[in-house]
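*Asks:* Chains A and B supply the protein sequences, listed in that same order. So in my numbering, spot 56 of the first sequence is number 56, and the numbers just go up one at a time. Offset between the second sequence (1-based) and my numbering: plus 177.
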Amino acid sequence: MDFMIRAATPEDCKDISRMIMELAVYENMPDQVKISHEVLEQDGFCKNPFFHCLVAEVAEQYRTTEGYTVIGYALFFYTYSTWKGRSVYMEDLYVMPEFRGEFPGKGVGTALMSKVAQVGKEQQCVRLQFSVLNWNTPSLDFYKAKGAQDLTDSEGWHVLRFDGEALDKLAQMAPKN
Amino acid sequence: MDYTIRVATLEDCKDIYRMIMELAKHEKVSDQVKIAQRDLEQDGFSKNPFFQSIIAEVPEQHRSKDGHSKVGYALYFFAYSSWKGRSVYMEDLYVMPEYRGKGIGKALMSKIAQLGLAAGCNQLNFAVLNWNKESMDFYLSQGCWDVTTGLDYHCMRCEGPALEALARGDPKN
Numbered sequence: 001m002d003f004m005i006r007a008a009t010p011e012d013c014k015d016i017s018r019m020i021m022e023l024a025v026y027e028n029m030p031d032q033v034k035i036s037h038e039v040l041e042q043d044g045f046c047k048n049p050f051f052h053c054l055v056a057e058v059a060e061q062y063r064t065t066e067g068y069t070v071i072g073y074a075l076f077f078y079t080y081s082t083w084k085g086r087s088v089y090m091e092d093l094y095v096m097p098e099f100r101g102e103f104p105g106k107g108v109g110t111a112l113m114s115k116v117a118q119v120g121k122e123q124q125c126v127r128l129q130f131s132v133l134n135w136n137t138p139s140l141d142f143y144k145a146k147g148a149q150d151l152t153d154s155e156g157w158h159v160l161r162f163d164g165e166a167l168d169k170l171a172q173m174a175p176k177n
Numbered sequence: 178m179d180y181t182i183r184v185a186t187l188e189d190c191k192d193i194y195r196m197i198m199e200l201a202k203h204e205k206v207s208d209q210v211k212i213a214q215r216d217l218e219q220d221g222f223s224k225n226p227f228f229q230s231i232i233a234e235v236p237e238q239h240r241s242k243d244g245h246s247k248v249g250y251a252l253y254f255f256a257y258s259s260w261k262g263r264s265v266y267m268e269d270l271y272v273m274p275e276y277r278g279k280g281i282g283k284a285l286m287s288k289i290a291q292l293g294l295a296a297g298c299n300q301l302n303f304a305v306l307n308w309n310k311e312s313m314d315f316y317l318s319q320g321c322w323d324v325t326t327g328l329d330y331h332c333m334r335c336e337g338p339a340l341e342a343l344a345r346g347d348p349k350n
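In structure tokens, the structure reads:
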């Protein structure tokens with residue numbers, strides 16, 4: 001096999017940060033990335049990490065022109081369903097463009113996602129959830145081929161968010177007892 | 178009506194489970210609940226919990242006709258945005274029907290926001306069914322925004338045989 005999937009280390013955070021930005025550019029939202037590789041190091045490698053990460057690394061001879069061998073990642077964390085129990089949420093799945101498709105051996109993206117599913121299974125998780133941009137046809141096709149259901153389309157689920165001032169305002173209303 | 182919002186303890190799992198079942202029964206989908214009270218206890222109160230919970234409790238004189246003083250709950254966990262950092266996700270928010278309209282739901286949600294900010298989070302996310310107009314209107318009136326409509330993200334899920342196949346790394350997919 002010409003690539004391997006392994007758990008990320010703090011030293012990988014610079015590469016992960018680089019690829020987070022590449023993914024944001026792909027999603028047409030580069031100005032939305034607010035956290036640095038230092039924040040990733042703190043939040044992913046502390047005593048009670050907020051996330052877990054896997055990276056895909058290629059053998060030396062497949063280095064990119066800039067010299068990168070870490071060419072894909074999956075970032076995930078554990079969640080809970082009060083009906084079904086333990087679940088895993090895959091926040092990011094990304095493979096650099098030149099390593100997609102028919103790269104030697106199994107697909108890198110598939111291998112990363114499988115590993116997330118496997119790690120989740122070891123923790124008795126019964127669901128793997130994630131989000132996809134509705135216009136991202138290659139990704140939607142990739143996921144649907146793996147048996148993923150679109151809950152927004154089939155059941156009408158929408159994600160709502162409090163952030164910025166609205167979140168501060170909401171928190172200020174909390175009872176003081 | 179007086180009520181207090183506090184962090185749930187192991188002993189509260191009985192009532193949390195009761196309320197989970199109440200909601201499922203009301204929606205006529207009790208058979209969809211696959212976890213037992215024991216799972217809540219293990220998954221929420223062990224060394225590395227999968228969730229956190231807060232309870233709304235009323236004093237003795239306001240107990241329900243069945244004798245319950247724990248009348249609402251919220252269940253949440255910490256999540257992560259690779260763009261923004263730490264976030265909190267509110268999985269469940271429930272108040273028994275006879276105790277609604279008194280601000281308990283809002284108080285539970287505010288408490289999660291407060292706890293989230295204290296933990297360094299800058300987002301509170303949750304999901305609503307888009308045909309549930311009453312809930313949608315309520316939440317949007319509180320200042321949140323619809324990420325699905327606004328950014329065009331769809332929620333996806335793998336479970337059952339599809340998840341098994343993925344974990345096995347079946348060659349065909």
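We put the CB at the ideal spot given by N, CA and C, even for glycine. Just so we're clear, the structure is a prediction, and the values are computed from it rather than from any experiment.
According to a CB-to-CB cut-off of less than 7 Å, which residues of the segment 225-248 of chain B neighbour chain A?
*Replies:* Taking 7 Å as the Cβ-Cβ cut-off against chain A, the residues of the segment 225-248 of chain B that qualify are 227, 228.
*Asks:* How is residue 231 (chain B) classed by DSSP in three states: helix, strand or coil?
*Replies:* Numbered from 1 along the second sequence, position 54 holds the residue referred to as residue 231 (chain B). Strand.
*Asks:* To be precise: take each residue of the segment 148-168 of chain A, compare its Cβ to all Cβ atoms of chain B, and keep it if any distance is under 9 Å. Which residues remain?
*Replies:* Listed by position along the chain: 148, 149, 150, 151, 152, 153, 155, 156, 157, 158, 159, 160, 161, 162, 163, 164, 165, 166, 167, 168.
*Asks:* Which chain A residues are close to residue 186 (chain B), counting only those with a beta carbon under 9 Å from its beta carbon?
*Replies:* The residue given as residue 186 (chain B) occupies position 9 in the second sequence. Going along chain A, no residue has its Cβ under 9 Å from residue 186 (chain B), so there is no contact; the nearest lies around 16 Å.
*Asks:* Which residues in chain B sit within 7 Å of residue 113 (chain A), going by Cβ to Cβ distance?
*Replies:* Taking the first sequence and counting its residues from 1, one reaches residue 113 (chain A) at position 113. By Cβ distance, chain B contributes 343.
*Asks:* Using CA atoms only, rank isn't needed, just tell me which of B:322, B:347, B:341 is closest to residue 158 (chain A).
*Replies:* What you label residue 158 (chain A) is simply residue 158 of the first sequence in a count that begins at 1. Nearest option by C-alpha distance: B:322.
*Asks:* Leaving out five residues before and five after residue 178 (chain A) in sequence, what residues of the same chain have Cβ atoms less than 8 Å from its Cβ?
*Replies:* Lying before the first or after the last residue shown, residue 178 (chain A) is absent from chain A, which here runs from 1 to 177.
*Asks:* Let me check understanding here. Comparing Cα to Cα, which of A:33, A:70, A:144 lies closest to residue 61 (chain A)?
*Replies:* As a working note, residue 61 (chain A) is residue 61 in the first sequence. Among A:33, A:70, A:144, the Cα nearest to that of residue 61 (chain A) belongs to A:70.
*Asks:* Comparing alpha-carbon positions, which option in A:35, A:173, A:154 lies nearest residue 13 (chain A)?
*Replies:* Position 13 of the first sequence, counting from 1, holds the residue named residue 13 (chain A). Nearest of A:35, A:173, A:154 to residue 13 (chain A), Cα basis: A:35.
*Asks:* Quick one: does residue 99 (chain A) have its CB under 8 Å from some CB of chain B?
*Replies:* Within the first sequence, numbered from 1, the residue matching residue 99 (chain A) stands at position 99. Closer than 8 Å: no.
*Asks:* Going along chain A, which residues have a C-beta under 7 Å from residue 336 (chain B)?
*Replies:* Residue numbering aside, residue 336 (chain B) sits at position 159 when the second sequence is read from its first letter. Residues of chain A passing the Cβ test: 126, 127.
*Asks:* Going along the segment 313-327 of chain B in order, which residues come within less than 7 Å of chain A, judged by CB to CB distance?
*Replies:* Correct list: 316, 319, 320, 321, 322, 323, 324, 325, 326.
*Asks:* Put residue 192 (chain B) into one of helix, strand or coil per three-state DSSP.
*Replies:* Along the second sequence, one-based indexing puts residue 192 (chain B) at 15. Helix, per DSSP.
*Asks:* Which same chain residues, not among the five before or five after residue 5 (chain A), have their C-beta less than 7 Å away from its C-beta?
*Replies:* Sequence index remark: in the first sequence, residue 5 (chain A) carries index 5 (1-based). The answer, listed in chain order, is 54, 56, 111, 112, 115.
*Asks:* Less than 8 Å between CB atoms is the rule here; does residue 12 (chain A) satisfy it with respect to chain B?
*Replies:* Sequence index remark: in the first sequence, residue 12 (chain A) carries index 12 (1-based). So no, residue 12 (chain A) is outside the interface.
*Asks:* Just by C-beta distance, which residues in the segment 202-223 of chain B are closer than 7 Å to chain A?
*Replies:* The residues in question are 209, 210, 211, 212, 216, 220.
*Asks:* For chain B, check one thing: does any of its Cβ atoms lie closer than 8 Å to the Cβ of residue 175 (chain A)?
*Replies:* Along the first sequence, read from residue 1 onward, the residue named residue 175 (chain A) stands at position 175. Judged by the 8 Å Cβ criterion, residue 175 (chain A) is in contact with chain B.
*Asks:* Would you give the residue range spanned by the beta strand (DSSP E) that residue 331 (chain B) belongs to?
*Replies:* Taking the second sequence and counting its residues from 1, the one referred to as residue 331 (chain B) is at position 154. Residue 331 (chain B) -> beta strand (DSSP E) spans 330-336.
*Asks:* Closer than 8 Å, CB to CB, is residue 15 (chain A) near chain B or not?
*Replies:* Locating residue 15 (chain A) in the first sequence gives position 15, counting from the first residue. Not closer than 8 Å to any Cβ of chain B, the Cβ of residue 15 (chain A) fails to qualify, so no.
*Asks:* Taking 8 Å as the limit between beta carbons, can you name the residues of its chain near residue 258 (chain B), skipping five residues before and five after?
*Replies:* On the second sequence, position 81 is the one that residue 258 (chain B) refers to. Taken in chain order, the residues that qualify are 264, 300.
*Asks:* Does the distance from the CB of residue 332 (chain B) to the CB of residue 151 (chain A) come in under 8 Å?
*Replies:* Here residue 332 (chain B) refers to the residue found at position 155 when the second sequence is read from its first residue. Here residue 151 (chain A) refers to the residue found at position 151 when the first sequence is read from its first residue. Yes; because the gap between Cβ atoms is below 8 Å, this pair is in contact.
*Asks:* Give every residue of the same chain whose Cβ lies closer than 7 Å to the Cβ of residue 313 (chain B), excluding the five residues on either side of it in the sequence, and list them in chain order.
*Replies:* In the second sequence, residue 313 (chain B) corresponds to position 136, counting from 1. Contacts found: 305, 307.
*Asks:* Let me know the secondary structure DSSP gives residue 304 (chain B) once reduced to three states.
*Replies:* On the second sequence, residue 304 (chain B) is found 127 positions in, with the first residue counted as 1. Three-state DSSP puts residue 304 (chain B) in a strand.
*Asks:* Please report the straight-line C-alpha distance between residue 74 (chain A) and residue 253 (chain B), rounded to a whole angstrom.
*Replies:* Position 74 of the first sequence, counting from 1, holds the residue named residue 74 (chain A). Position 76 of the second sequence, counting from 1, holds the residue named residue 253 (chain B). One C-alpha to the other measures close to 23 Å.
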